[in-house]
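Taking it in order: structure first as structure tokens, then the write-up.
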Amino acid sequence: MEYQLTHQKSRDILERMLKMRRFEEAVCAVAEDHFFGHYHLYIGQEATGASVIEALDSKDLILTTHRNHGHIIGRGADPGKAMAEILGRADGFNGGRGGTLHLTERSKGFLSTSAVVGGAIGLATGAGYALKRAPGNTISVAFFGDGALEEGTAFEALNLASLWSLPVLFICENNSHGAPGAAAGEYPSSVIAAKELVAIPESLDIRAISVDGADVQAVYAAVAEAIAAIRAGLGPHFIETNTVRWPGSRPLWPELSTGVTDLSAAWDESRISGEHAEWIRGHDPVLRLVRHLIDDGALSIDEVTKIDIDIRDKMMVAKSFSLASPLPEPESALEGVFV
Amino acid sequence: MEYQLTHQKSRDILERMLKMRRFEEAVCAVAEDHFFGHYHLYIGQEATGASVIEALDSKDLILTTHRNHGHIIGRGADPGKAMAEILGRADGFNGGRGGTLHLTERSKGFLSTSAVVGGAIGLATGAGYALKRAPGNTISVAFFGDGALEEGTAFEALNLASLWSLPVLFICENNSHGAPGAAAGEYPSSVIAAKELVAIPESLDIRAISVDGADVQAVYAAVAEAIAAIRAGLGPHFIETNTVRWPGSRPLWPELSTGVTDLSAAWDESRISGEHAEWIRGHDPVLRLVRHLIDDGALSIDEVTKIDIDIRDKMMVAKSFSLASPLPEPESALEGVFV
Amino acid sequence: MSNMTYAEALIDGLHGCMSEDERVSLIGSFVLGLGPQRHLVDRLRNNFADRINDPPTSEAAAAAAGIGAAMAGDRPFVDIGTASFIFEAWSQITNEAANAYYMSGGQIKTPVTFHMLHGLRGGGAAQHSHSPQAMLFNCPGLEIVLPASPSDVKGLIRSAVLSDNPTVVIDHAKLLGLEEDVPKHDYEIPFGKANVRRRGGDVTIVATSLTVQTSLEAAEILSQQGIEVEVIDPRTIVPLDKEAIFSSVEKTGRLVVVDEANMSCSIASEIGMIVAEEAFSFLKAPIVRVARPDVPVPFSPPLEEYIATDADKIIAAVKKVAV
Amino acid sequence: MSNMTYAEALIDGLHGCMSEDERVSLIGSFVLGLGPQRHLVDRLRNNFADRINDPPTSEAAAAAAGIGAAMAGDRPFVDIGTASFIFEAWSQITNEAANAYYMSGGQIKTPVTFHMLHGLRGGGAAQHSHSPQAMLFNCPGLEIVLPASPSDVKGLIRSAVLSDNPTVVIDHAKLLGLEEDVPKHDYEIPFGKANVRRRGGDVTIVATSLTVQTSLEAAEILSQQGIEVEVIDPRTIVPLDKEAIFSSVEKTGRLVVVDEANMSCSIASEIGMIVAEEAFSFLKAPIVRVARPDVPVPFSPPLEEYIATDADKIIAAVKKVAV
Ligand SMILES: Cc1ncc(C[n+]2csc(CCOP(=O)(O)OP(=O)(O)O)c2C)c(N)n1
Ligand SMILES: Cc1ncc(C[n+]2csc(CCOP(=O)(O)OP(=O)(O)O)c2C)c(N)n1
Ligand SMILES: [Mg+2]
Ligand SMILES: [Mg+2]
């Protein structure tokens, strides 16, 4: 296969994924006492974000949504500043002005984190418009949920990107599989009449492909191939990554319903139990990758454990950093509306 | 063929088409001295509107666009009141408040004439929502141009209509064929990345079909079949009707560039000449139908001439009526914002 | 009478409308947002399941569907959710709903109700905290309703649904838990009739939505300090009960206008301006506005609090103009 | 100096920007609408063909493309066409462009310019005649520019394109043919600096866009009748030159605010209210607004004229407050 992951790349992806997971766990822990607002965890979708980011260049631009934590952390942004932002602290990326919905780290290539469903699609198209005429063969990436395709602006922007052959990668993270839907008093999962979501970009002559979003090899290969095509001037590409929804997304104010991830469950099935055992066993992308890397001989249990401990330590530092950061000065609210 | 036009129905359609054509010619004549504003003639698209209307029931509801004259007149609305409205007179359908862009005749089933490109699609979907739960097995019809599909709301509404299986007939009048495009300093003709427009509704699981919009039999059969399916509860249907753009649409302030239609050109080719001879010979739907009905023995030349004279007389009456109608009282502008 | 929350009263009002008229249906059912009261909507869901339709995340199509359905004879109640997202349906509301009746020369009625939750909700940040009422006020053809109490919301929501005009009902997320005695039977509250929530002769406050409550708090404190404030809640912005405002200002000569939304071109600006134009001679002091400064809404609590319209700011404004 | 029309000056300003900076491009090129001046755009088309991109009829995507491109370092000029259609892109403009800089804590600049033609154009009816400036003023984070003369539009459009903030430039279709001597070189006009178009000591008029011209006409007539009017054109609404207004009102004690848009929550309301709040002590008479009554725009000419802001109405308003 042309875009086969090397062991090194797989390990990189695992590190990104573990950072995402441990970060979200830390967010949940901190949120109990310190958080205000409504937040959306990335748990269960790590394989998508990490594999996409692995395939990107550092100069590529990213535009994302309300469910952004994983993208920011996976791209290597400082978890301390991310957590500080989520807590509304002065040392957060946005100085506390954005919060969970709008984490933005420009130096890592993030241009916008819009909580308007569908927003990222139009903005990424615009970034692609600028990049097309700039030197550097750089591309823009939009991360968005399946629900974003319900917004008309998504359709308009896909059409524009296709017409103008813009260098944009559209990553649709479809997490509606297994979603409980409106019955639970939650946002309904995606409601679109298309039998296949990819039929929509395809109708606009955009090359589109649907992959298992919990399978790092599948995501990476699809993305790497699409990126190569985009850089070769073939215009926008669309990838749908399908994940089975993490059960913790169900409650509206997410708690860690599957508990703190026990990595040993990857090599010792007996550690899996409880209400959500099925999801943990079959659909947790982190455990799935750990299992695969160990089976494959790419990593030993000890190595995995060491990587994890290291990341958990970093998250402890991030937590302390964020909690030590002051809240912004109230009067500063009036500043910075204009450049 | 199941929906073969009888001679009677073909003659009805011809009458509707001739009314549309003679009405637009009258509008052009009157506009020279009396009109204000920008108007959009229906010339060249008569076969579509007339055949769709022929297939509808009188209780079905219609929502249309800036290019509405043909629909209003074809449905049998009083041409005098229509012309009065276009001239902003008190006896116009809307009392002079709407003008050419917004001709509305509720008693003929018109709910809205929106000049917002794409507007009719969402509104017709809403009308379908109401009709679905009402007795009478009535449907709603949206007339719109190919450009309307560029608006995101069109996509959203198609999705909604499909999801909720609403009794809506979407008629997309694609008049971009032969369109000169932006080069002439005009609105570009439709710019959509889809290779086939129908791929868009199809991606949303809506049955869609593309027909020759200047062929009354083709339009009528497609529409009648779709209507039967909609009334049978099979949900929305989409029909694209393709016409070669009337050359008179090219100037931004439409003049009668092909001249007053000489019906005898239908049976006497030698009468066709001038810059636009090709369009008149090959693409004028009125002449095409006349020729066909005569060849078919459905009508004699005398009968055609008689029908036409009758309609032209009616348009003379309409003209006089509209010109005799007073302008509205200025102060009345302040009334009627709310029920 | 029975004691109920604002959220319960809202649902009660809607329940009455849906019981009576089959043509009333919901397009969008997150009428109470995603907060703790959201399960109260189940009362409607259980009784009128076939008339509750959750659309995709397509605010424009949902609004258009409501408008088109209303034109065809239905009486839909379209829930937009967080008010910031009405901007996705802006063209439908301003260019279709608002114009249809006038533009058609009175042929087409559009009895649709739009509903949304506005304002600072705590941590909503810049894209979830809008108060679009002032922008809507700049668009003729829409009735605009801003309830501020449980008994008002019950009657106003009913009047909105029964109205033959397109009506926008804007609730504040922070009002949903407010409790009060509310009449058990169904009733309407006429549009354009202000509610004088407190009598006082020193200064007139005109406030809407959540800021009515804030103003009442401020008035209580001011009263202890010897300043008697009259608090007027217009309840509907279109139509607006100017007379109630003028007659209060005639008495007090002093006006403070309180608003949740951004200062510039706000409802506070409009109401103040109307007085400066039509009741100038009554004025003994400058008109003062208390509204949000012109900044996007920041996420962090101290920042959000700093820009919020609170009792302290109202008290300071009143003291500025009181003798 | 050379004599040119407003339309020519606009294109001249844009031409200067495009010549200097490759990152300036047009998304939408019907900058002069579809009227007789439209061919002037060919000057740009001929020189910068690869930087002129006509989008589909997708205002939301066009706006989003401009915003995203600006975030990525471009300096796009997005033409919306008739101002009524900015409502299709309302979410992009109010929720994305306006918030990005503040919400990101200053990390993301959005140097995009939006352009449109507003107002009563003659027969535009209810869906083609909007003046959205007041609604935009209610949305913090946007610079709002309303040129009123050829020399102003040339300099203001340049300042708009060079600005690192999202900027909305709103021209009036009826100004396009106006002629004046305009400097040949490229120049900027700083935002927030009003233009005192006529000096006078009796009454202050504040007007924008086309109504500046209408006010000047009215002032001429009034002068013949012995009333000297000062006409102030703020040129930009955000930022607003309050000082210029206050110092004129200090002199005259009388204020008439003139606007093309709908009365309620208009720019006229805001400017009037600012004076009622911050310069109340200067006032010797009620503030009077001349703006469009709150009705959708009717098609028929006598109806449209009846609601238009014209010189007669301005004269009547001035006389109401002049001694
Ligand atoms: C324009 C708009 N409408 C509604 C919402 C409320 N909302 C927040 S998240 C969400 C669901 C989004 O689904 P999807 O895009 O699939 O993302 P997911 O949360 O599943 O990752 C909705 C409707 C919003 N943020 N923006
Ligand atoms: C929302 C919106 N944007 C732009 C316009 C300006 N406009 C008027 S007609 C037109 C072209 C419409 O094309 P199409 O729908 O194919 O109709 P046609 O005129 O070809 O019949 C445009 C862009 C508009 N009326 N509404
Ligand atoms: Mg989703
Ligand atoms: Mg067309």
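Residue numbers (the numbering used here), protein chains in the order written: chain G, 1 to 339; chain U, 340 to 678; chain W, 679 to 1001; chain P, 1002 to 1324.
For each residue, glycine too, the CB sits at the ideal point set by N, CA and C.
Cβ distance (whole Å) where P/V1276 is taken to contact P/L1256 below 8 Å: Yes, they are in contact, since the Cβ atoms of P/V1276 and P/L1256 sit about 6 Å apart, within 8 Å.
Straight-line Cα distance separating W/I923 from U/F374: 45 Å
Contact set between the stretch 469-501 of chain U and chain W, restricted to residues whose Cβ is under 8 Å from the partner: Listed in sequence order: A469, L470, R472, A473, S479, G491, T492, E495, A496, N498, L499.
6 Å Cβ shell around G/T241 - same chain, five flanking residues per side excluded: T48, E173, V211, G213, V219
Ligand 1 heavy atom lying under 6 Å from the CB of W/D757: no
Same chain only: Cβ atoms within 7 Å of P/A1262, ignoring 5 sequence neighbours per side: S1132, Q1134, A1135, I1268, A1292, R1293
G/R21: CB within 6 Å of a non-hydrogen atom of ligand 2: no
Below-7 Å beta-carbon distance, G/S112 vs any chain P residue: yes
Classification of W/H793 by the beta-carbon crowding that lies within 10 angstroms, buried from 16 upward: The residue in question, W/H793, is buried, as its Cβ has 16 or more Cβ neighbours within 10 Å.
Cut-off 8 Å between Cβ atoms - residues of its own chain near P/I1222, not counting five sequence neighbours on either side: A1312, I1316
Proximal residues of chain U, C-beta to C-beta of W/M781 below 7 Å: Those within 7 Å of W/M781 in chain U are N433, R436, G437, H441.
Exposure of W/T930, with buried meaning 16 or more beta-carbon neighbours within 10 Å: With a threshold of 16 other beta carbon atoms within 10 Å, W/T930 meets it and is buried.
is_contact[U/D607, chain G] using C-beta, thresh 7 Å: no
Opening and closing residue of the alpha helix (DSSP H) in which W/N725 lies: 720-725
Completely contained alpha helix (DSSP H) runs for the stretch 444-529 of chain U, where each covers 4 or more residues: 458-471, 491-502
Buried/exposed call for G/T6, threshold 16 Cβ in 10 Å: exposed
In DSSP terms, what W/N773 is bridged to: DSSP lists no partner for W/N773.
Where P/L1035 falls: helix, strand or coil (DSSP): coil
G/S176 Cβ short of 6 Å to ligand 3 heavy atom set: For ligand 3, at least one heavy atom lies less than 6 Å from the Cβ of G/S176.
Residues in the stretch 750-772 of chain W having any Cβ partner in chain P nearer than 8 Å: S762, F763, F765, E766, W768, S769, T772
Beta-carbon spacing of G/G118, G/A148 below 7 Å: A contact, by the Cβ cut-off of 7 Å.
Helix, strand or coil at P/D1234 [DSSP, three-state]: P/D1234 carries a strand assignment under DSSP once its states are collapsed to helix, strand and coil.
Member of W/R877, W/A963, W/R967 whose CA lies at the smallest distance from the CA of W/A1000: For W/A1000, the nearest C-alpha among the options comes from W/A963.
Interface partners of G/A193 on chain U, CB under 7 Å: N498, S501, L502, L543, D544
Per DSSP, cross-strand counterpart(s) of U/A547: U/F577
Residue-level contact to chain W via CB, P/I1288, 7 Å cutoff: Answer yes: the Cβ-Cβ gap between P/I1288 and chain W drops below 7 Å somewhere.
C-beta neighbour in chain P for G/R106, strict 7 Å: yes
First through last residue of the beta strand (DSSP E) which encompasses P/D1203: Taken as a continuous stretch (DSSP letters only), P/D1203 belongs to no beta strand (DSSP E), as it is neither H nor E.
Run of the beta strand (DSSP E) containing P/L1256, from where it starts to where it stops: 1256-1263
Proximity test, Cβ basis, 7 Å: G/A333 and chain W: yes
Ligand 4 heavy atom lying under 6 Å from the CB of U/G467: no
Whole-angstrom distance between G/T104 and G/H66, CA atom to CA atom: 11 Å
Contact set between the stretch 574-587 of chain U and chain W, restricted to residues whose Cβ is under 7 Å from the partner: Taking 7 Å as the cut-off between beta carbons, none of the residues of the stretch 574-587 of chain U comes near chain W.
CB of U/V391 within 7 Å of CB of U/I510, strictly: Yes. Within cutoff.
Short CB-CB distance (under 7 Å) between G/F170 and chain P: no
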